[in-house]
Each structure stands twice: as C-alpha cells, then as structure tokens.
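Visitor: Okay, so the sequence shown: first residue is 15 according to the numbering used here, each after it adds one. Glycine residues also receive a C-beta, built at the ideal position from the N, C-alpha and C atoms.
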Amino acid sequence: MTDIQKAALIIQEGGLVAFPTETVYGLGADALNSLAVAAIFEAKNRPTFDPLIVHVADLRQAEILVHSFHPLALKLIEKFWPGPLTVVLPKSALVPDLVTSSLPNVAIRVPNHPLALELIRESGRPIAAPSANPFGQVSPTTAEHVRRSLGDKVQMILDGGPCGVGVESTIVSFAGEKPVLLRPGGLALEEIEAVIGKVQIATGTPDRPQAPGQLLQHYAPRTPLKLTPPQPGPKAGWLGLKDPPAGFDAVEVLSQKGDLKEAAANLFAAMRRLDEKGLEVIYAQPVPNKGLGRAINDRLSRASQK
Ligand code: TXA
Ligand code: MG
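(1) At 4 residues or longer, and completely inside the segment 82-126: list those alpha helix (DSSP H) runs for me, N to C.
(2) Please report how far the alpha carbon of L30 lies from the alpha carbon of V51, in whole angstroms.
(3) Where does D166 fall in DSSP's three states?
(4) For L253 versus I296, is the C-beta distance shorter than 7 Å?
(5) Pairing CB atoms from the segment 128-140 with CB atoms from the segment 32-40, are three or more of them under 8 Å?
(6) Apply the 10 Å Cβ neighbour rule to Q245 and answer buried if 16 or more other Cβ atoms are within range, or exposed otherwise.
(7) Which residue or residues does DSSP assign as beta-bridge partners of R197?
(8) Keeping to the same chain, check which residues put their C-beta closer than 8 Å to that of A57; ignore five residues upstream and five downstream.
(9) Does DSSP classify D221 as helix, strand or coil?
(10) Under the rule that 16 or more other beta-carbon atoms within 10 Å means buried, what is N303, buried or exposed?
(11) Which residue comes first and which comes last in the alpha helix (DSSP H) that contains F282?
(12) With three or more C-beta pairs closer than 8 Å as the rule, is the segment 151-163 touching the segment 87-98?
(13) By the three-class DSSP mapping on this structure, what secondary structure does S48 have?
(14) Would you check if the distance between the CB atom of A234 and the CB atom of A317 is smaller than 7 Å?
(15) With distances taken from CA atoms, which of K291, S116, G272 and G199 is nearest Q299?
(16) Measure the C-alpha to C-alpha separation of V102 and K249 and round it to an integer number of angstroms.
(17) Run the CB neighbour count on R236, radius 10 Å, all protein chains shown included, and call it buried at 16 or more, exposed below.
(18) Hey, out of V209, L281 and I141, whose CA is closest to V179's CA?
(19) Leaving aside the five residues before and after V265 along the sequence, list all residues of the same chain whose C-beta is less than 6 Å from its C-beta, in chain order.
(20) I'd like to check one pair, D64 with N198: are the Cβ atoms closer than 7 Å?
(21) If you run the structure through DSSP and keep just helix, strand and coil, what is L133?
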C-alpha cells in the first residue's frame with residue numbers, strides 16, 4: 015500500500031491525517047462525517063464556533079457541497095483554483111453543521127498541492143482541514159512543525175516538504191450580495207480585484223469576528239512579539255523584510271531581496287526559530303502593505319496581541 019492509500023483509508027474510517035498544501039499543513043478529516051470532524055476540534059483544542067475550510071479536488075466536487083454559486087465566485091474559481099483562494103458560499107444540506115459552526119455557508123477551496131489532491135481523490139471524500147497547529151499558535155509549514163505540536167494526535171502525517179506559499183489562503187465571502195475579504199492570505203487582493211473588481215474588506219471586531227480567523231490574538235509565538243520601534247538588547251530578537259538593525263541577539267530576515275512572496279514563505283518558520291531562542295521580546299517590522307505583504311502584516315499584528 016502506498017502512503018496515500020494508507021492515508022485515504024484513515025480518512026474513510028473517520029481518522030485524522032495531516033497533509034501538506036501549498037499554503038500551510040492541514041489537519042484533515044472526512045468533511046461529511048461529524049464524528050471525524052469533532053476529532054479535529056478536539057485535537058486542536060479549537061472552539062467549535064470557529065468553522066473549518068473544506069478541501070475538494072475540483073469544482074465538480076464543490077458543487078455537491080454548495081447550494082448556489084455567486085457568478086463572481088465562479089469567475090474567481092475559474093481563474094485561481096487550484097490555489098490559495100477560499101470562497102464562502104451558501105451550503106448544501108450535505109455539509110454537517112459542525113463543519114460550518116452552524117453557519118448557513120461553507121468555506122471551500124481546491125489546494126494546489128499534488129499530495130493534497132491525491133489524498134482527496136483517493137479517499138473520495140471532501141476533506142475538512144484547519145491548519146495543523148494547536149488553536150491560536152503559529153501555523154505549520156513543514157511536517158516537522160506538525161510532528162512537534164500534534165504528533166501524538168494524528169494517525170498519519172504526509173510529508174511534502176516545506177509549503178511554497180507559507181501563509182494561509184485568502185478568504186472571500188460570497189454569503190451576501192457583494193464579495194467581502196474575510197482574511198488576507200496567499201493570493202493577493204490585487205489579483206482578485208483584477209478579476210472581479212472592488213472587494214469590501216471585512217470589519218469584524220475581536221469579540222464578534224466575521225471570520226474567526228479575525229480573532230485578534232492568533233498565530234502567536236510564546237515570546238511576546240511587538241510592532242513598536244525595535245530596541246536592541248541581549249534578549250531581544252528582530253524580524254523583518256531585510257536590512258536588520260545592529261545589536262540584536264537574533265535576527266530573521268524574511269527576504270534579502272525584499273520579495274514579499276519569499277517573505278511570506280519564510281514568515282512562520284522564522285517566527286518559530288525566534289521563539290526557540292529563549293528571547294524576552296521579538297520586535298517585528300511591518301512590511302509594505304501590498305501583494306502578500308497584507309497577509310504578512312495581518313499575521314504580525316495578530317501575533318502581537320498578547
Ligand atoms: O490555507 C488555508 O486556508 C489552510 C489550509 C490547511 O488549507 N487552512 C486554514 O484553516 O487556514 P483555518 O481553520 O486555520 O482557518 C480557516 C478560517 C477560519 O478562520 C474560519 O473562520 C474561516 O476560515 N471560515 C471557515 N468556514 C467559514 C464560514 N463558513 N464562514 C466564514 N468563515 C469561515
Ligand atoms: Mg489556523
């Protein structure tokens with residue numbers, strides 16, 4: 015039996031498999047099996063008011079989960095699937111309430127990773143998967159990250175090497191008449207707006223988030239992370255795009271050439287490395303707020319809310 019066949023059997027039997035996608039590693043279960051989905055929430059220690067993204071192999075498989083497609087959603091899907099784009103659409107009766115936290119809409123995407131697609135196809139099931147990290151912590155971009163934090167809670171981890179995109183998918187909601195950006199992510203807002211025009215940006219509050227990804231504190235390392243002007247010191251770390259200032263105990267340069275895509279791919283692993291240095295504080299430098307820089311700044315700002 016191949017690893018994919020083994021993993022597919024685990025999914026069919028209601029178990030948990032961690033698998034790579036192009037964004038981050040996911041913690042997957044059969045999306046149509048409520049008991050299996052419940053095991054995801056338990057393993058992550060995730061509150062059940064935080065709904066899950068369902069991963070499918072293609073648009074046809076999405077059709078059975080969706081009640082109706084907004085025409086602009088179809089335009090985005092055609093252009094960007096497989097890829098780091100999640101769309102929120104009215105759900106069909108087939109989708110268990112636990113997956114959507116009883117919302118009438120379901121979040122769906124087709125990941126752009128051969129192992130993820132093979133797992134979905136081989137199991138024949140849509141796969142519900144949040145990022146494979148304990149709730150509130152930094153998302154995993156390698157199999158080793160998953161092993162360290164959830165290794166004893168999953169039946170299998172498929173190793174596909176480091177994730178190419180490195181930040182979670184961009185989420186656009188089509189629950190209402192007009193598209194709304196719920197979470198900036200691995201697909202730049204500029205690329206989305208080039209296809210469907212202006213997209214509103216969600217204005218959730220920390221107490222009443224529109225997407226629970228908007229919970230203010232999220233993606234956080236254990237070491238306090240600050241966005242205030244950096245103060246060099248023996249127990250201080252620095253993280254930024256390039257040109258680190260002198261005097262820090264540890265620095266992480268996200269992209270020497272200032273490339274925001276490369277920076278996004280490095281972000282979570284860099285946060286983890288700094289977190290393991292026993293520092294008292296990490297100073298993070300926001301990056302230009304365009305392209306994937308929006309997702310990077312969003313994650314930094316959430317990581318700083320402690
Ligand atoms: O790139 C990604 O999206 C990764 C990989 C594994 O695909 N997944 C991921 O899942 O980031 P997670 O659970 O960490 O974040 C999913 C976000 C949550 O913040 C959730 O609120 C939002 O998607 N979401 C899921 N279902 C939703 C729904 N029905 N309506 C609004 N937001 C939803
Ligand atoms: Mg997550």
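Guide: On the basis of the supplied data:
(1) 85-94 and 111-114
(2) What you label residue 30 is simply residue 16 of the sequence shown in a count that begins at 1. What you label residue 51 is simply residue 37 of the sequence shown in a count that begins at 1. In a straight line, the C-alpha of L30 is about 9 Å away from that of V51.
(3) One-based indexing of the sequence shown puts residue 166 at position 152. Coil, per DSSP.
(4) For this step, residue 253 is matched to residue 239 along the sequence shown. For this step, residue 296 is matched to residue 282 along the sequence shown. Contact flag set, yes.
(5) As far as the Cβ criterion goes, the segment 128-140 touches the segment 32-40, which means the pair count is three or higher.
(6) Sequence index remark: in the sequence shown, residue 245 carries index 231 (1-based). By the 10 Å Cβ count, Q245 comes out exposed.
(7) Within the sequence shown, numbered from 1, the residue matching residue 197 stands at position 183. Answer is I185, bridged to R197.
(8) Here residue 57 corresponds to residue number 43 of the sequence shown, with the count starting at 1. Cβ within range, chain order: L30, L41, L164, K167 and V168.
(9) Walking along the sequence shown from the start, residue 221 turns up at place 207. At D221, the pLDDT of 45 sits below 50, so the modelled position is not reliable and the matter cannot be decided from this model.
(10) Residue mapping note: residue 303 aligns to position 289 of the sequence shown, counting from 1. Flag for N303 reads exposed.
(11) To locate residue 282, count along the sequence shown from 1; it is residue 268. Note, F282: alpha helix (DSSP H), L274 to D289.
(12) no
(13) Here the question's residue 48 lines up with position 34 in the sequence shown. Looking at S48 - three-state DSSP - the assignment turns out to be helix.
(14) Reading the sequence shown from its first residue, position 220 is the one you call residue 234. Reading the sequence shown from its first residue, position 303 is the one you call residue 317. Yes, Cβ-Cβ distance for A234 and A317 is below 7 Å.
(15) Residue numbering aside, residue 299 sits at position 285 when the sequence shown is read from its first letter. Taking only the C-alpha atoms, the option nearest Q299 is G272.
(16) Locating residue 102 in the sequence shown gives position 88, where the first residue counts as 1. Locating residue 249 in the sequence shown gives position 235, where the first residue counts as 1. The straight-line gap from Cα to Cα measures roughly 43 Å.
(17) Your numbering for residue 236 matches position 222 in the sequence shown. The residue is exposed, with fewer than 16 neighbouring Cβ atoms inside 10 Å.
(18) The residue given as residue 179 occupies position 165 in the sequence shown. Cα-wise, what sits closest to V179 is L281.
(19) Residue 265 sits at position 251 when you count from the first residue of the sequence shown. Result list for V265: W252 and P258, in chain order.
(20) The residue given as residue 198 occupies position 184 in the sequence shown. The residue given as residue 64 occupies position 50 in the sequence shown. It should be noted that the sequence gives Pro, not Asn, for residue 198. No. Outside cutoff.
(21) For the purposes of this step, residue 133 is taken as residue 119 along the sequence shown, with counting starting at 1. If DSSP states are grouped into helix, strand and coil, L133 belongs with the helices.
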